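In the working numbering, the protein residues as written are 626 to 1032.
The beta carbon of each residue, even a glycine, is placed where N, CA and C say it ideally should be.
Since the structure is predicted, the reported quantities are computational estimates derived from the model, not experimental observations.
Below is one structure; the comments refer to it alone.
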Amino acid sequence: MHSERHAGGSLPSTLLFGLSAILLVICIVYAPGEAFHASGQGLSIWWRVVFPALLPFLVLTEILLASGFAHGLGVLLEPLTRRGLGLPGSYAWVLPLGLTAGFPAAASASASLYKQGKITALEAERMASTAHFGSPMLLVVVIGTGYMSRPELGLFLLAVHWLSGIAAGVTLHLLSSGTRSLRKTGSVAPKASPKPTVSRFRLAAVQMEDARIADGRSFGKLLGDAVSAGVQTLMTVGGYMIIFAVVIHVLLSALPDIIPAYSVAGALEIHLGTHAVAETAMPPAIVSALLGAFLGWSGICAYLQVRAVLKPVGLGSALFLVNRLIHGAYAYVLTLLLWRPLTRLLPGTLPANAETGYAVIRSGEGMGFPIPEWKQIAGLIQMQFSLFFLLITGILILSLITRKRSS
């Protein structure tokens, strides 16, 4: 099945790669000065925003998988995730990972689970698409504080981003053929849920021990492999971001003024796209709605990042594009619906956020792209880890409450 997938998609992939390479060369030759500044901008965004926000979680993912923690947690949460989204229990930790770490952390975790034979191909593709979110650092600090100078607006965008993403995942589940076809699809036959002859906690402990023994690596070897894999993934992400920064800058200088700059940048790359939207003179509600839509869509650059993670293990990305369209549409509508009631509450309920003193620096002379300082980043990484474990704890408690009520 893997070979068929690769064979079917080899020609379009080759053509896309070739056209992209030609377009990049044309952009650099057409405007070398713009290309140089744009590449510096893309590098700054990657190094100061994406790299510190994502690397710890990529390393954590590998450790949790190898230690068996993710598999044990999946056994505990299987009834909740199967009932709600038709997905295995491991989704209950992949989702918090995507919510807190940002993309492509969820895609990387889904691909790892699929390689281990724990989930089917369709399950992995759905998990990667429905757990794809922007990081809180991007929404609250970079967009809310850096672009809009309103931290409370970043919190509002984060809430809408999460709600619309979860709603898109539920919609995708309802539009799919159901759990029966999901269990029949893929190269790995899914295991039936074990009979409750023993407690689910005991089954979780057994799964954790089996996964740890099957991995067999020492902690030192595991840590080295995790860091190496995480850095390799981030290098791929950084390469795409630099290339798209160059393409966007050259396209905007070449296209006629009748085409809005934010539409081109937002369709291609999320960091530059949201920055272009934030600089427009449209009403705040429309600006926020467009920000939500572009964040849900994530950009072609994010799609290629996820595709670079999924394709080597034989996973497709069609569901990912469908979910991105649904997510973006939901975010646009939800932002407009919630704008008036929530903006009345935010100034009164969150006054302290305006005084948190988020320092913002420029990514280069004359480039005008604000990015956070390193002291900010350290505090935000701590916040992301706390949020990650808080979400897992909340989902676990919800699962226990649901199980008690059903019994």
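In this structure leucine 738 does not touch alanine 756 by the C-beta definition: roughly 12 Å separates them, more than the 8 Å allowed. The beta-carbon separation of threonine 899 and phenylalanine 919, rounded to 6 Å, stays under the 8 Å limit for a contact.
When the beta-carbon positions are compared, alanine 734 and asparagine 948 stay at least 8 Å from each other. In this structure, DSSP gives aspartate 835 a helical state, which the three-state scheme calls helix. Annotation for alanine 933: Thr861 place their beta carbon closer than 6 Å to its own, counting only its chain and skipping 5 residues before and after. The C-beta distance from leucine 897 to phenylalanine 676 rounds to 17 Å, too long to meet the 8 Å contact threshold. Straight-line spacing of the CA atoms in isoleucine 1020 and valine 719 works out to 12 Å. Methionine 1008 carries a helical assignment under DSSP once its states are collapsed to helix, strand and coil. Where tryptophan 787 is concerned, the enclosing alpha helix (DSSP H) starts and stops at 776-800. Distance from alanine 892 to glycine 864 at the Cβ level is roughly 19 Å; contact not present, criterion being Cβ atoms closer than 8 Å. In this structure, DSSP gives phenylalanine 844 a helical state, which the three-state scheme calls helix. A distance below 8 Å separates the beta carbons of valine 889 and isoleucine 873. DSSP places threonine 725 in the helix class (H, G or I) of the three-state scheme. Across the set Val765, Ser853 and Ile895, the C-alpha of Val765 shows the shortest separation from the C-alpha of methionine 1008. When the beta-carbon positions are compared, phenylalanine 1013 and alanine 753 stay at least 8 Å from each other. The C-alpha of glycine 953 lies about 19 Å from the C-alpha of proline 908.
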